[in-house]
Amino acid sequence: MTPFLFTLAVLCISLGAGLLGSLLGIGGGLILIPVLTLWLKVDIRYAVGASIISVIATSSGAAAAYVRDRMANMRVAMFLELATTAGALSGAFLSGLVGGRGVYFVFGAVMAYSALAMLRRMGAREEAPVPADALADRLGLHGSYWDEASGREVRYRVTRPVAGLGLMYVAGTVSGLLGIGSGALKVPAMDLAMRLPLKVSTATSNFMIGVTAAASAGVYFARGQIDPFIAGPVCVGVTLGAWLGSRHLMARVNSTWLRGLFVAVLLWVAWEMLHKGWVS
Amino acid sequence: MSGEREPEAGPRKEAAAAAVHEDAEAVPLVPELLISDLLRYGVVASLSLVTLGTLITYLRHPDYLVSSEALQRLTAPHPVPHGLRDVLTGALAARGQSFVMVGLLVMMAVPVLRVALSLLIFRQQRDTLYVAITTAVLGLLCLSFLLGAAEG
């Protein structure tokens, strides 16, 4: 394979990962890293470095729209970013300690977890009143968003900000360690623990992911793990794919069927990554 | 597409009634628009630089189109420029890969600038608590670049 073909291959794979990621509401990283390492034999440390940049790109692109629509809760985001950036820093340093093999293991485990979380999300969830929380009041975390379906402004209250901080630290660590956005961990933390509406959780998660990823990217860059030859085409491909997916395909795809298929693929890749960590 | 629906007077008043959005009424939508534009144009600038750099690389190295040995060199573990000075000197020498790297650095800078912009907005709103929170986040981001550099 010549460098030119390699660039083209990386570009196409990234385009596909970005497209699929945007349809499933997860970042491209979770799909991209296994393909780069297992198919194109890219060293996992460079794959992670490339992925983290593409995470910033997709998050920033999506967040631009969410912020304009006032769907993302910027105060919740800012507050939780305290924990995600601290976590991302820990994760990026941890990845230097555990080495390639450890990263494969953690990656496999997180993938398996994401698959199961996605399965669970397909079911319904119950609605109980949101318990009052003094700290959430003090921080002014409560907000409102415009609901297109019902045509009115929906107000919501936020609870358990400290639990949110703790979960976000974990999400940030995973993100820094693996070079993924870990939206699959962030959304449940806001949705289930802090009781933000799912739409707001998704928008806010997207908004936060860029900052989390930038914290890890700083460490990766300084360590020389961001290789322009790989990260360049990845960055362009994933962004274009995500843009195409969210603008032109979202409405036309049956998401339940797609999710089912994706859970199967995730579980299979999780097994592959664990296996690779075992034999290498 | 996202700009189609401007919030009407009704929902805006309702939103302002919620204690949280009191500040937003004084400066309607401006912080959100500023942040949204920063994110959008930042990403576009970065992607343009990356594309330009990739084109320069292949113009300057026609052998990359045919030789498969070159790929071995490019993908094997190797030292990558990871100091700001290395990257900038490379870009000034019109090295394609350095242009790509500048683009990637612009991408990394976008969220940092977003936090800095939020800091200015919270200061303008005289929201001391959030000025403190935002300053801490900005500090952690700067720390990541400094600590990474110290380690490498």
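Residue numbers (numbering that gives the first Met the number 0), protein chains in the order written: chain G, 0 to 279; chain H, 0 to 151. Cβ coordinates follow ideal geometry from the N, Cα and C atoms, glycine included.
- Distance from the CA of residue 118 of chain H to the CA of residue 130 of chain H, rounded to the nearest whole angstrom, comes to 6 Å.
- Note on geometry: alpha-carbon atoms of residue 156 of chain G and residue 48 of chain G lie some 37 Å from one another.
- CA-to-CA, the gap between residue 91 of chain G and residue 43 of chain G works out to about 14 Å.
- Here DSSP, grouped into helix, strand and coil, assigns residue 242 of chain G to helix.
- Per DSSP, residue 142 of chain G lies in no alpha helix (DSSP H) segment; the continuous beta strand (DSSP E) that holds it begins and ends at 142-146.
- Any Cβ of chain G closer than 8 Å to the Cβ of residue 119 of chain H would place that residue at the interface, and such an atom is absent.
- The secondary-structure analysis by DSSP pairs residue 151 of chain G across a beta bridge with G/146.
- Under the 10 Å beta carbon count, residue 0 of chain G is surrounded by fewer than 16 other beta carbons and is classified as exposed.
- Ranked by Cα distance from residue 230 of chain G, the first of H/43, H/50 and H/140 is H/50.
- Annotated as distal: residue 51 of chain G and residue 183 of chain G, with beta-carbon spacing of 8 Å or more.
- The shortest C-alpha to C-alpha distance from residue 44 of chain H to any of H/85, H/136 and H/105 is the one to H/105.
- A direct Cα-Cα distance of roughly 15 Å separates residue 41 of chain H from residue 100 of chain H.
- Under the 8 Å Cβ criterion, the region 161-168 of chain G does not count as touching the region 94-108 of chain G, having fewer than three qualifying pairs.
- Scanning chain G for C-beta atoms nearer than 8 Å to the C-beta of residue 55 of chain H yields nothing, as the closest lies near 11 Å away.
- Of all residues in the region 123-136 of chain H, only 126, 128, 129, 132, 133, 135 and 136 place a beta-carbon less than 9 Å from a beta-carbon of chain G.
- By the Cβ test, the region 106-117 of chain G is not in contact with the region 195-210 of chain G, since fewer than three Cβ pairs between them sit closer than 8 Å.
- Comparing alpha-carbon positions, the option among G/78, G/104 and G/63 lying closest to residue 160 of chain G turns out to be G/78.
- Assigned with DSSP and collapsed to three states, residue 107 of chain H falls in helix.
- Taking the C-beta atoms as reference points, residue 58 of chain G is found nearer than 8 Å to residue 209 of chain G.
- In this structure, residue 178 of chain G lies away from residue 86 of chain G, with their beta-carbon atoms at least 8 Å apart.
- Taking residue 111 of chain G as the centre and dropping the five residues before and after it, the same chain places the C-beta of 269 closer than 6 Å to its C-beta, in chain order.
- Considering only G/83, G/262 and G/16, the residue with the shortest C-alpha distance to residue 244 of chain G is G/16.
- The C-beta of residue 59 of chain H comes no closer than 8 Å to any C-beta of chain G.
- Under a criterion of Cβ atoms nearer than 7 Å, no residue of chain H is adjacent to residue 21 of chain G; the nearest Cβ is some 14 Å distant.
- Residue 275 of chain G sits in a helix when the DSSP states are folded into three classes.
- Beta-carbon to beta-carbon, residue 203 of chain G and residue 75 of chain G are separated by about 6 Å, close enough to satisfy the 8 Å threshold.
- The residue from G/206, G/139 and G/9 with its alpha-carbon nearest to that of residue 34 of chain H is G/206.
- Residue 52 of chain G reaches chain H at 103, 106 and 107, counting residues in chain order whose Cβ is nearer than 8 Å.
- In terms of beta-carbon proximity, residue 218 of chain G lines the interface with chain H, with at least one pair separated by less than 8 Å.
- For residue 5 of chain G and residue 54 of chain G, the gap between their C-alpha atoms comes out near 21 Å.
- If you compare the alpha carbons of G/33, G/260, G/170 and G/153 with that of residue 271 of chain G, the shortest gap goes to G/33.
- Within chain G, the residues placing a beta-carbon under 8 Å from that of residue 50 of chain H are 235, ordered along the chain.
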